[in-house]
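Participant: One structure, as C-alpha cells, below. Some questions next.
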Amino acid sequence: MISANELRRKYIDFFKTKGHAEISGKSLIPENDPTVLFTTAGMHPLVPYLLGEPHPAGARLVDYQKCVRTGDIDEVGDPAHLTCFEMLGNWSLGDYFKKESIAYSYEFLTSPAWLALDPKKLSVTVFAGDENAPRDEESAAYWKSVGMPEERIAYLPASDNWWAAGPTGPCGPDTEIFYWVGPGMPPAGSNKGTDSKNWMEIWNNVFMQFNRVDERTLAKLPKQNVDTGMGLERTVTVLQGKTSVYQTEIFGPVIAAIGEAAGYVYGSDSEKDRSVRIVADHIRSATFIIGDPKGVLPSNVGAGYVLRRLIRRAVRHGRKLGIEGTFLPKPAAVVIESFMAAYPELEENRQKILEALAAEEAKFLETLEKGEREYEKMLPNLLKNPQKVMSGRLAFKLYDTYGFPIELTEELAAESGMKVNRAEYDEAFKKHQELSRAGAEQLFKGGLADTGEAATRYHTATHLLQEALTRILGPHVAQKGSNITAERLRFDFVHGAPMSKEELEKVEALVNEQIGRDLPVVMTMMRLEDAKASGARALFGEKYEETVKVYAIGDFSKEVCGGPHVERTGILGKFRIQKEQSSSAGVRRIYAVLE
Ligand code: SER
C-alpha cells in the first residue's frame with residue numbers, strides 16, 4: 401500500500417526520469433502578491449514563469465507544494481474537501497505539450513513500475529470548445545492512443561474544463577483525470593459526464609496558452625505551457641482503496657488524538673464524525689499556516705483572520721464533541737509528527753505553533769464563556785417572545801461586543817426552542833463589516849501575482865528602498881515582508897526604533913538619486929552559493945532553487961529575486977515615502993509611492 405510519503409517520492413522520481421528538475425515548494429504565504437492570502441495551487445509560485453520569465457532550473461519542472469484554499473469552507477467535512485492540501489505538479493515551460501503530458505500521466509498512473517492503478521477505473525474529461533478555444537479533439541486523440549476507451553472520455557464546457565487561477569493571469573483548456581470510487585467496476589458508458597458522483601478527480605493537466613489580461617482580453621502566451629496538479633490526498637485515498645482521505649494515514653493519527661480528547665470513537669455517529677473531520681482539517685491547516693517559514697499568527701486582518709476563523713471553528717466543533725477546556729496543541733503535535741519529514745519547517749517551528757494555538761484557544765474559550773453568561777441574562781426576556789424568534793440585532797450585539805459567533809447563538813437559541821432572525825443579523829453584520837475584513841473575504845477567492853507594468857515598477861523600487869535603508873540605517877535592516885499593488889509598495893524590515901524625519905528624507909533622496917542615474921537592471925542566473933558569495937541579498941529562511949536569478953541595479957543593489965523588473969530605473973518617476981510606522985516588535989513598515 402502506497403503511503404503519502406511514498407507517493408511524493410514516486411512522483412518526483414518519475415518525472416526526473418522524464419528530464420524534469422525537482423524544485424522546492426514555496427511558502428504558503430505568497431510574497432509580493434496582494435491578490436491572494438495563501439498559495440492556492442501548485443502553479444501559483446510559478447506564475448511569472450508561465451507568463452514567460454525564464455526559470456533558472458529549466459523548462460521541465462516537478463515539485464510538491466502545500467496549499468491552502470478556504471473558498472469552499474462549508475464543504476469541509478465531506479470526504480474530499482480540505483482547506484489545506486498538497487499538490488504534486490509537473491510543468492513544461494514552452495517544452496512538451498499535450499501529447500507528452502497525457503502520455504506521462506497515463507504511464508505514471510497505470511504502469512506496474514509506478515502507481516499500477518487499474519486503467520479500467522480511469523476516465524477523463526476534455527474541453528468541449530467555445531468562443532475562446534476549439535473543442536480539444538487533440539487531447540482526446542492522445543488519450544485514445546494511450547489506451548483510454550472513447551466511452552471514458554467526456555467533453556465538458558469551460559465551467560469544468562477551462563482552468564484559471566484567478567480573474568487575470570495564465571489560463572487555458574485542461575484535461576482532468578478521474579478514478580472510480582463507486583461500488584464494483586464502472587458500468588459501460590460511464591464517465592464524468594454521465595456520473596459526477598462516483599468519479600473522483602485526481603489530476604488536472606492544464607494546457608496554458610493564454611493570459612487573461614482583463615475581462616475582454618485573452619492574449620496568447622509567448623509559449624505553450626503545461627501545468628499539472630495532482631491532489632496528493634485524493635490519490636493516496638484511491639491508491640489505498642479507501643473512499644475518504646480521512647481513512648488514510650494522512651488523517652488517521654490526528655483523528656485518533658481528537659477522539660481521545662473527546663472520549664469518542666470515530667465512526668460511531670455521523671454528525672459527530674463530521675465534527676471530527678472539521679476539527680482535523682482545521683487543526684492541520686492552522687499548524688501549516690503558523691509553522692510556515694513566513695508563518696502568520698491569529699489576528700483580525702488578512703491571513704491572520706482566516707487562521708483565527710479556522711482555529712475558532714475547530715474549537716467550536718471540539719465543544720460539539722463534548723471536549724471541555726483547551727485541547728488543540730495535542731492533535732497539532734500529531735500533525736507536526738506526520739508531516740515534518742516532507743516539511744521540516746513544522747518541526748523547526750513546533751514551539752511557536754503549539755503556543756499560538758493554545759493562546760488563541762484560551763482567548764476564544766473566554767469569549768465563549770462571557771457570551772454565554774450574557775445570553776443567560778437575556779434569556780428570560782427572550783422567552784417571553786411568543787414567536788420564539790430572537791432578533792438579529794441582539795444576536796449581532798453578542799457578536800460585536802463579545803465576539804460570540806452567530807452559529808453558537810443559533811445553537812443556544814435552539815436549545816430553548818428558539819430561532820434567530822438570521823436575515824436581520826446578516827444585514828447588521830454586513831453594515832458593520834470592516835473594510836479590511838471585506839477585503840479578506842474577497843481575497844479568499846484567489847487571484848494571481850500582479851505582474852502588470854505598475855506593479856513591476858514597484859518591484860524594482862522595493863529593491864532600491866531596501867538597499868537605501870541598509871545604507872542609511874545599517875546592515876541589520878532585513879526584509880520581513882513585502883506587499884505590492886499597482887498603487888503602492890509596502891515594505892517591512894527589522895529596525896528597533898521609529899525612523900527620524902532626517903533618516904526618511906535621506907532614504908528618499910538616495911532612492912531618487914538612483915532613479916535619476918537611470919541605472920540598468922540586469923538579470924543573471926547563477927548558483928545560489930555564487931549569488932550569496934557575490935554579495936547578492938537573499939531572504940533569510942526562504943527556500944531557493946540551486947540556480948537562482950539575481951537582479952543587479954547598476955552598482956547600487958544586487959538581490960536574488962524571481963522578477964519581473966523594469967529595464968532601467970529612469971522610468972520609475974519620483975519615489976515618495978508616505979508613511980513609516982511600527983509593524984510589530986522590532987519591525988518597521990514603510991508605505992511608498994512612485995509619482
Ligand atoms: N493549476 C491546476 C490546478 O490547480 C493544475 O496545477 O488544478
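Position one of the sequence shown corresponds to residue 401 (the numbering used here), numbered consecutively onward. Glycine included, every Cβ here is placed at the ideal spot set by N, Cα and C.
#1: Identify the continuous beta strand (DSSP E) that holds V993 and give its terminal residues.
#2: Following the continuous alpha helix (DSSP H) through W543, name the residue where it begins and the one where it ends.
#3: Taking 7 Å as the cut-off, does the CB of W563 come closer than this to any heavy atom belonging to the ligand SER?
#4: What residue does the beta strand (DSSP E) around D892 start on, and which one ends it?
#5: Comparing the CB of D614 with every heavy atom of the ligand SER, is any distance shorter than 7 Å?
#6: Under the three-state reduction of DSSP, which class applies to Y664: helix, strand or coil?
#7: Might you give, ordered along the chain, the residues of its own chain that have their beta carbon closer than 8 Å to the beta carbon of L556, omitting 5 neighbours on each side?
#8: Locate the beta strand (DSSP E) running through E755, then write down its first and last residues.
#9: Consider the C-beta atom of V715 and the heavy atoms of the ligand SER; say whether any pair is separated by less than 7 Å.
#10: Counting only runs that start and end within the region 711 to 754, where is the beta strand (DSSP E) found for 3 or more residues in a row?
#11: When you compare only the Cα positions, how much space is there between G839 and N700?
#12: Which residue marks the beginning of the beta strand (DSSP E) containing E633, and which one marks its end?
#13: For the putative contact between F508 and F414, defined by C-beta atoms under 8 Å, what is the C-beta separation to the nearest angstrom?
#14: With a threshold of 7 Å, establish whether the CB of G442 neighbours any heavy atom of the ligand SER.
#15: Just list the residues that DSSP pairs R976 with in beta bridges.
#16: Cβ of N604 versus every heavy atom of the ligand SER: is any distance shorter than 7 Å?
#17: What does a CB cutoff of less than 6 Å around L757 pick up in its chain, not counting 5 residues either side in sequence?
#18: Measure how close the beta-carbons of Q640 and M487 come, nearest whole angstrom, since I'm counting them as under 8 Å.
#19: If you reduce the DSSP assignment to three classes, tell me which class G572 lands in.
#20: Residue range of the alpha helix (DSSP H) that S505 falls in?
#21: With H, G and I counted as helix, E and B as strand and the rest as coil, what does DSSP make of V645?
#22: For N604, does the three-state DSSP call read helix, strand or coil?
#23: Taking Cβ to Cβ, would you say V960 is nearer than 8 Å to A938?
#24: Could you round the C-beta distance between V820 and M790 to whole angstroms and report it? I think they count as a contact, below 8 Å.
#25: Would you call the region 748 to 764 and the region 707 to 722 touching, i.e. three or more CB-CB distances under 8 Å?
#26: Let's see if you can read the secondary structure: which residues bound the beta strand (DSSP E) around A909?
#27: Which of the three DSSP states, helix, strand or coil, is assigned to S590?
#28: Regarding T470 and the ligand SER, is the C-beta to nearest heavy atom distance less than 7 Å?
#29: Which runs of the beta strand (DSSP E) at least 3 residues long sit entirely within the region 927 to 964? Give them in chain order.
#30: Which stretch, first to last residue, makes up the alpha helix (DSSP H) that contains R968?
#31: Is K672 buried or exposed, if buried means 16 or more other CB atoms sit within 10 Å of its CB?
#32: Could you check how far apart the C-beta atoms of G896 and G771 are, in whole angstroms? I think they sit under 8 Å.
#33: Which residues does DSSP list as the beta-bridge partners of Q981?
#34: If you follow the alpha helix (DSSP H) that R409 is part of, which residue opens it and which one closes it?
#35: Per the DSSP calculation, T628 is bridged to which residue(s)?
#36: Identify whether T885 lies in helix, strand or coil by the three-state DSSP scheme.
Facilitator: Reading from the atomic positions:
#1: 987 to 994
#2: 537 to 546
#3: yes
#4: 889 to 894
#5: no
#6: coil
#7: T525, V526, F527, A528, K592, G593
#8: Looking at the DSSP string, E755 is not in any beta strand (DSSP E); the run it does join, the alpha helix (DSSP H), is 750 to 783.
#9: no
#10: none
#11: Legend: pLDDT at G839 = 41, less than 50; position of this residue unreliable, value from coordinates given subsequently. Distance between the alpha carbons of G839 and N700 is about 12 Å.
#12: Premise fails: E633 lies in the alpha helix (DSSP H), 632 to 639, not in any beta strand (DSSP E).
#13: 5 Å
#14: yes
#15: V993
#16: yes
#17: L728, P729, A732
#18: Contact doesn't hold; Cβ gap of about 19 Å is too wide.
#19: strand
#20: 498 to 510
#21: helix
#22: strand
#23: yes
#24: 5 Å
#25: yes
#26: It is not in any beta strand (DSSP E) - A909 instead sits in the alpha helix (DSSP H) that spans 901 to 916.
#27: coil
#28: no
#29: 947 to 953, 957 to 960
#30: No alpha helix (DSSP H) holds R968; DSSP gives it neither H nor E.
#31: buried
#32: Wrong, their Cβ atoms sit about 39 Å apart, outside the cutoff.
#33: R989
#34: 404 to 417
#35: N605
#36: coil
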